[in-house]
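**Q** Numbering (the numbering used here), first residue to last: 47 to 494.
We put the beta carbon where it would ideally sit given N, CA and C, even for glycine.
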Ligand SMILES: [Zn+2]
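1) In the DSSP assignment, the beta strand (DSSP E) including residue 363 goes from what residue to what residue?
2) Under 8 Å by Cβ, that's how I've got residue 440 and residue 422 pegged, so tell me the actual separation to the nearest angstrom.
3) With hydrogens ignored, establish whether the beta-carbon of residue 269 is closer than 7 Å to any heavy atom of ligand 1.
4) Helix, strand or coil for residue 119, going by three-state DSSP, please let me know.
5) Under the criterion of a Cβ to heavy atom distance below 7 Å, does residue 135 qualify as lining ligand 1?
6) Considering just the uninterrupted stretch of the alpha helix (DSSP H) at residue 433, what are its terminal residues?
7) Determine whether the beta carbon atoms of residue 457 and residue 375 lie at a separation below 8 Å.
8) How would you label residue 473, buried or exposed, when you count the other beta carbons within 10 angstroms and need 16 or more for buried?
9) Can you say whether residue 121 is buried or exposed, counting buried as having 16 or more other CB atoms within 10 angstroms of its CB?
10) Only counting runs of 4 or more residues, tell me where the alpha helix (DSSP H) segments fall wholly within the segment 190–241, in order along the chain.
11) Decide if the segment 184–204 is in contact with the segment 295–302; the criterion is three or more beta carbon pairs, one per stretch, under 8 Å apart.
12) What did DSSP end up calling residue 348 once you bin it into helix, strand or coil?
13) Relative to the C-alpha of residue 400, which candidate in 462, 243, 131 and 278 has its C-alpha closest?
14) Taking only the alpha-carbon atoms, compute the straight-line gap between residue 175 and residue 315 and give it to the nearest angstrom.
15) Return the Cβ separation of residue 304 and residue 255 in integer angstroms, given the expectation that the two are a contact with Cβ distance under 8 Å.
16) Any chance you could list the beta strand (DSSP E) runs of at least 3 consecutive residues sitting entirely within the segment 253–316, in chain order?
17) Is the distance from the Cβ of residue 410 to the Cβ of residue 420 below 8 Å?
18) Classify residue 188 as helix, strand or coil using the three-state DSSP reduction.
19) On the DSSP letters alone, give me the boundaries of the alpha helix (DSSP H) that residue 461 sits inside.
20) Give every residue of the same chain whose Cβ lies closer than 6 Å to the Cβ of residue 353, excluding the five residues on either side of it in the sequence, and list them in chain order.
21) To the nearest angstrom, report how far apart residue 402 and residue 432 are at their CA atoms.
22) Under 8 Å Cβ to Cβ from residue 424, same chain only, skipping five residues before and after it: list those, please.
23) Ligand 1 and residue 178: does the residue's C-beta get closer than 7 Å to at least one heavy atom of that ligand?
24) Using 8 Å as the threshold, is the C-beta distance between residue 16 and residue 183 below it?
25) Alpha carbons only, please: which of 444, 233 and 413 is nearest the one belonging to residue 450?
26) Does the distance from the CB of residue 366 to the CB of residue 131 come in under 8 Å?
27) Going by the DSSP bridge assignment, what does residue 176 pair with across the sheet?
28) Can residue 114 and residue 288 be called in contact, C-beta distance under 8 Å?
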């Protein structure tokens, strides 16, 4: 398998790269590893209450429900307490990709609204395999998407929509479109629903493997939605819903192994959960009035597996709108999501400083009296800084000269504005990357 991770070495500081096409400069000062591509798996209707061993699901009448026996992602970085602001499929998917708690399907189509706008600006292909959550503006964000036109497992209608596909992926998706009947033939009930999910996961895994093998230098962001846990919650009882969750936990193994073996980031979440009126109910729901405010409808899992994320359980309360900023932070991409009100969850092993200016500024990074790096650009990223260390960022350009001391517990963003000067709010586009760690700093001092 091709090793996708870019091993950033100290030598790269001697090869400062300026990419005028992206308006972004990248300087790296370290040998840390970070993911270059990512998979985002959204399990439609998977309530964290049924998935996390630490939680217990209850029915509307107060009776305790069963939890799935799940093993597969227990070793990742797990956010235990995270909820959707509103448990509706279209709205919740919109929140996930925009980082905005009041997002809807229309906002997904606005410029610079989604993670896909940012990945595209940084050279990623946006690829998707989606059984649900594939509304028009979501499809439009993708370079190519294999999706279900309807939500029927008995009579599924699968399509491919493509505008800028990586060579070969359209043909591959067309092949996978034809494979669905053989997954479903002769099956019924839970078995058929799980087969529908497995088809989506296997198709996504085939696309990921193809990209890794055939386009090893291309970065890609692969979004996957599996729909039959949600369908099962609506059409079957709580006991069948749990069986579907356990089947899924088994069937995702190949997909996250592909991510792990190739040092990609793997993000696992859900749009919303599912609630039941009582034990042995014959159908459930999440957005109807009686279920909409139940924890079982609102709580979602969020698990990350990435080489630059600290594994373990993360406590504290978070919202679904924090997912997009966290994904960008793990990918070392700047959070210039136009509407985001979420913030990144501190899971990364290092911090990064993102700088954006209206025009070209000379920007330098200082550790005490030692200048670590200097570059002239309008967009910069200093990534890979050790956590809890102090640095000074100096910048001079059309708006004047600025100096700011920072102590980093997470990523920081600066904007140098020609009219109002320094503005630490979100920036609007582009980058320069400098990666520093303690080892890196020592070597830099020797070079100087
Ligand atoms: Zn949904």
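**A** According to the data block:
1) Locating residue 363 in the chain shown gives position 317, where the first residue counts as 1. Taken as a continuous stretch (DSSP letters only), the beta strand (DSSP E) holding residue 363 covers 358–365.
2) On the chain shown, position 394 is the one that residue 440 refers to. On the chain shown, position 376 is the one that residue 422 refers to. The pair is not a contact, with the Cβ atoms about 12 Å apart (cut-off 8 Å).
3) Indexing the chain shown from 1 puts residue 269 at position 223. Answer for residue 269: no, Cβ out of range of ligand 1.
4) As a working mapping, residue 119 is identified with position 73 in the chain shown. In the three-state reduction of the DSSP assignment, residue 119 falls in the coil class.
5) Here residue 135 refers to the residue found at position 89 when the chain shown is read from its first residue. For ligand 1, at least one heavy atom lies less than 7 Å from the Cβ of residue 135.
6) Residue numbering aside, residue 433 sits at position 387 when the chain shown is read from its first letter. Run containing residue 433: none; DSSP gives neither H nor E here.
7) What you label residue 457 is simply residue 411 of the chain shown in a count that begins at 1. What you label residue 375 is simply residue 329 of the chain shown in a count that begins at 1. Cβ atoms of residue 457 and residue 375: closer than 8 Å.
8) Here the question's residue 473 lines up with position 427 in the chain shown. The predicted model places residue 473 with a pLDDT of 33, which falls under 50 and marks its position as unreliable; any figure quoted below should be read in that light. So residue 473 counts as buried.
9) For the purposes of this step, residue 121 is identified with residue 75 of the chain shown, where counting begins at 1. Flag for residue 121 reads exposed.
10) 215–230
11) no
12) Residue mapping note: residue 348 aligns to position 302 of the chain shown, counting from 1. Reduced to three states, the DSSP call for residue 348 is strand.
13) Residue mapping note: residue 400 aligns to position 354 of the chain shown, counting from 1. Looking at the Cα atoms, 462 is the closest of the given residues.
14) Start at 1 with the first residue of the chain shown, and residue 175 comes out as number 129. Start at 1 with the first residue of the chain shown, and residue 315 comes out as number 269. Rounded to the nearest angstrom, the two C-alpha atoms are 15 Å apart.
15) Position 258 of the chain shown, counting from 1, holds the residue named residue 304. Position 209 of the chain shown, counting from 1, holds the residue named residue 255. 6 Å between Cβ atoms; contact.
16) As summarised for the segment 253–316, the continuous beta strand (DSSP E) elements at least 3 residues long and confined to that stretch are 265–272 and 311–315, given in chain order.
17) For this step, residue 410 is matched to residue 364 along the chain shown. For this step, residue 420 is matched to residue 374 along the chain shown. A distance below 8 Å separates the beta carbons of residue 410 and residue 420.
18) Counted from its first residue, the chain shown places residue 188 at position 142. Three-state DSSP puts residue 188 in coil, outside helix and strand.
19) The sequence position of residue 461 within the chain shown is 415, counting from 1. Note, residue 461: premise wrong, no alpha helix (DSSP H); beta strand (DSSP E) at 458–463.
20) By one-based count along the chain shown, residue 353 stands at place 307. Taking C-beta separations shorter than 6 Å and ignoring five residues to either side along the sequence, the partners of residue 353 in its chain run 79 and 309, following chain order.
21) Taking the chain shown and counting its residues from 1, one reaches residue 402 at position 356. Taking the chain shown and counting its residues from 1, one reaches residue 432 at position 386. About 21 Å.
22) Here residue 424 refers to the residue found at position 378 when the chain shown is read from its first residue. 69, 402, 403, 404, 405, 406, 407 and 476.
23) Along the chain shown, read from residue 1 onward, the residue named residue 178 stands at position 132. Yes, Cβ of residue 178 sits closer than 7 Å to a heavy atom of ligand 1.
24) In this structure the chain extends from 47 to 494, so residue 16 is not present and cannot be described.
25) Against the chain shown, residue 450 aligns to sequence position 404. When only C-alpha atoms are compared, the closest one is 413.
26) If you number the chain shown from 1, residue 366 lands on position 320. If you number the chain shown from 1, residue 131 lands on position 85. Taking 8 Å as the Cβ cut-off, residue 366 and residue 131 qualify as a contacting pair.
27) Translated into the one-based positions of the chain shown, residue 176 becomes position 130. Answer by DSSP bridge pairing, in chain order: 193 and 271.
28) Numbered from 1 along the chain shown, position 68 holds the residue referred to as residue 114. Numbered from 1 along the chain shown, position 242 holds the residue referred to as residue 288. For residue 114 and residue 288, yes; Cβs fall inside 8 Å.
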